[in-house]
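Structure, as structure tokens:
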């Protein structure tokens with residue numbers, strides 16, 4: 001077992017160097033790691049170095065870790081060589097189950113025992129990807145968002161054969177490198193954020209398909225509307241403020257039936273007392289003592305900051 | 001006909017002084033209008049003045065119009081008196097169709113002929129609300145987002161009996177006062193942004209109902225994930241960047257089938273060639289000559305600005 005502590009990782013191996021894999025490479029370099037990359041494409045190295053160069057000014061602006069340098073990137077042409085000295089592996093191959101299965105098995109065979117192997121998959125469960133890995137217990141999903149060098153979120157979840165230790169290690173490591181980690185205790189297709197993104201996406205496609213709105217109208221309805229609130233409080237706490245002083249409880253008790261109104265093609269779940277309480281309690285927990293007035297003030301400061309930041313005032 | 005030009009409006013009447021109506025009052029005061037407000041509640045005036053006071057620091061920070069003052073608010077106890085000298089009326093009563101029908105008829109009877117009457121309704125079509133108005137031709141929906149004094153978006157759409165002139169006038173007026181206006185050419189339940197919000201909301205409720213994610217996880221999956229991109233490019237142009245240099249065309253042609261993956265409970269529309277082209281062409285139109293690289297640079301600057309603005313770095 002050669003698994004070091006999350007804060008003792010020195011070498012990160014990135015398998016796949018497209019937009020996501022390359023973004024991970026740039027991020028890990030900026031956080032001061034030695035990064036080894038592998039990608040089967042002929043022109044992988046120049047493309048990857050170009051991608052890192054494009055991301056570097058943003059990463060520099062956000063602050064590089066001590067010793068961080070693009071010179072610490074090595075591109076290997078042999079997968080086994082790329083994995084041989086990894087303290088952590090992040091796989092970002094195309095979304096193709098067969099490919100992921102076989103690639104993860106190869107990575108697993110080449111990576112020192114115990115070292116955690118994480119997949120950037122945007123939707124497959126690790127249970128279905130880890131089937132050919134002898135060391136399936138150390139394989140996890142670590143799902144980032146584009147661009148991985150800027151968006152903090154990483155969703156971490158194991159598969160059936162994954163050990164809880166590996167999940168905990170991956171969450172600790174991603175937290176250590178500065179990510180906002182959501183550790184899921186079960187596999188849900190699309191995880192969390194992609195399910196929400198996809199709901200938005202499908203509704204938008206329906207609107208375009210029916211000629212109800214143009215692409216530009218859909219995008220502007222978000223950029224100049226609710227999209228200005230979501231980075232501050234998220235969709236649920238945002239609605240906690242739509243109910244006035246009564247918060248989410250008032251909102252659900254008062255507007256509950258409008259859940260049945262025919263907005264969106266997505267069927268509404270039945271608003272059982274259990275669901276009502278789960279949402280209300282969840283909001284209060286998330287608010288963590290902040291009153292509606294506190295949250296309103298926070299939202300207003302946030303929206304102004306976002307408007308200013310984006311040059312919208 | 002006493003309809004003045006959009007830039008010659010001096011007095012705005014706001015009917016209903018709850019969270020949305022009060023937010024409109026604060027906004028119109030900040031833009032330098034005389035504002036007359038009416039609300040049937042006993043304590044409407046103190047509540048409204050409190051709400052305006054709470055909003056005023058934010059509005060001051062964003063810049064008040066010349067002569068803007070909270071002293072220019074008059075609260076009338078008689079609906080007819082409130083409407084008598086209006087150059088524009090914004091109705092923000094509770095979401096109750098019967099109430100809206102009767103209130104709009106009363107407003108219509110009391111408002112000088114030709115003056116545009118706009119409703120803040122978050123989902124009713126004007127066709128179903130304007131049925132008792134003799135002057136139905138000047139009634140429109142002008143749907144704002146909470147808080148109306150900060151969020152720029154206003155969705156404008158008429159009903160069956162509305163004249164195109166009134167829709168054009170309302171759009172011009174909201175634009176003149178600094179709003180980001182989307183003029184819809186047909187009534188769609190929930191308009192645009194609320195359909196998208198509602199899709200997100202319903203998917204989130206399903207996840208909570210099934211124990212797949214907590215309220216906090218759902219919110220953080222957005223605040224630290226895709227919510228950081230949406231205020232910059234909106235959901236569709238954001239995906240235009242997910243396809244690499246090939247943009248939305250590559251994305252749809254490559255990932256099209258994944259539209260059928262079981263993320264979200266919202267059924268996917270059939271990806272016909274027509275729909276594919278509409279989305280691709282819409283993205284190119286919206287990009288308006290900006291290359292993928294331009295858009296990526298813009299997104300990165302934007303995400304950094306939003307992260308900084310919200311103290312997330």
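Residue numbers (the UniProt record's numbering), protein chains in the order written: chain A, 1 to 313; chain B, 1 to 313. C-beta atoms are modelled at their ideal positions from N, C-alpha and C, and glycine is treated no differently.
Below 8 Å on the Cβ atoms is my contact criterion, and I expect residue i with residue j to pass it. Report the Cβ-Cβ distance as a whole number of Å.
i	j	result
residue 75(A)	residue 44(A)	7 Å
residue 104(B)	residue 91(B)	6 Å
residue 73(B)	residue 37(B)	6 Å
residue 265(A)	residue 187(A)	That pair is no contact at about 26 Å.
residue 141(B)	residue 155(B)	7 Å
residue 309(A)	residue 308(B)	7 Å
residue 249(B)	residue 280(B)	5 Å
residue 144(A)	residue 300(B)	About 15 Å separates the two Cβ atoms, so there is no contact after all.
residue 200(B)	residue 196(A)	5 Å
residue 193(B)	residue 222(A)	7 Å
residue 231(A)	residue 235(B)	With 8 Å as the limit, residue 231(A) and residue 235(B) do not qualify as a contact, their Cβ atoms being about 14 Å apart.
residue 219(B)	residue 150(A)	With 8 Å as the limit, residue 219(B) and residue 150(A) do not qualify as a contact, their Cβ atoms being about 19 Å apart.
residue 71(A)	residue 12(A)	Going by Cβ atoms, the distance from residue 71(A) to residue 12(A) rounds to 15 Å, so no, they are not a contact pair.
residue 240(A)	residue 287(A)	7 Å
residue 181(A)	residue 174(A)	5 Å
Using CA coordinates, which residue listed in the options is at the minimum distance from residue i?
i	options	result
residue 98(B)	41(B), 291(B), 130(B), 216(B)	130(B)
residue 159(A)	124(A), 182(A), 193(A), 148(A)	124(A)
residue 184(A)	173(A), 106(A), 157(A), 198(A)	157(A)
residue 137(A)	166(A), 128(A), 146(A), 144(A)	166(A)
residue 46(A)	29(A), 198(A), 22(A)	22(A)
residue 30(B)	276(B), 195(B), 52(B)	52(B)
residue 205(B)	87(A), 267(A), 198(A), 153(A)	267(A)
residue 132(B)	147(B), 237(B), 102(B)	102(B)
residue 9(A)	147(A), 15(A), 172(A), 122(A)	172(A)
residue 297(B)	27(A), 57(A), 33(A)	57(A)
residue 315(A)	162(A), 152(A), 289(A), 224(A)	Absent from the structure is residue 315(A), since the part of chain A shown begins at 1 and ends at 313.
residue 272(A)	283(A), 252(A), 285(A)	252(A)
residue 270(A)	207(B), 227(B), 176(B)	207(B)
residue 41(B)	291(B), 16(B), 26(B)	16(B)
residue 121(B)	19(B), 278(B), 224(B)	19(B)
residue 116(A)	5(A), 235(A), 276(A), 94(A)	5(A)
residue 135(A)	118(A), 220(A), 114(A)	114(A)
residue 153(B)	189(A), 283(A), 228(A)	228(A)
residue 84(A)	93(A), 27(A), 14(A)	14(A)
residue 3(A)	170(A), 294(A), 277(A)	170(A)
residue 245(B)	179(B), 294(B), 35(B), 162(B)	294(B)
residue 62(B)	81(B), 26(B), 119(B)	26(B)
Consult DSSP for residue i and reduce its assignment to one of helix, strand or coil.
i	result
residue 286(A)	helix
residue 238(A)	helix
residue 272(B)	coil
residue 257(A)	Here the model assigns residue 257(A) a pLDDT of 49, short of 50, so the residue's position is not dependable and the matter cannot be decided.
residue 298(B)	helix
residue 87(B)	coil
residue 65(B)	coil
residue 59(B)	helix
residue 41(A)	coil
residue 77(A)	coil
residue 125(A)	coil
residue 22(B)	helix
residue 116(A)	coil
residue 9(B)	coil
residue 293(B)	helix
residue 142(A)	strand
residue 279(B)	helix
residue 36(B)	strand
Going along chain E, which residues have a C-beta under 9 Å from residue i?
i	result
residue 306(B)	The chain inventory of the structure shown lacks chain E, comprising the protein chains A and B.
So, do the stretch 62–75 of chain A and the stretch 95–110 of chain A have three or more beta carbon pairs nearer to each other than 8 Å?
-> Using a Cβ-Cβ distance cut-off of 8 Å, the stretch 62–75 of chain A and the stretch 95–110 of chain A are not in contact, since fewer than three pairs of beta carbons, one from each stretch, lie closer than that value.
If we count Cβ pairs, one from each stretch, closer than 8 Å, do we get three or more for the stretch 209–221 of chain B versus the stretch 199–217 of chain A?
-> The answer is no - the stretch 199–217 of chain A does not touch the stretch 209–221 of chain B, with fewer than three Cβ pairs under 8 Å.
Just list the beta strand (DSSP E) runs in the stretch 152–214 of chain B, keeping only unbroken ones of 3 residues or longer that don't cross its boundaries, in chain order.
-> 153–158, 180–183
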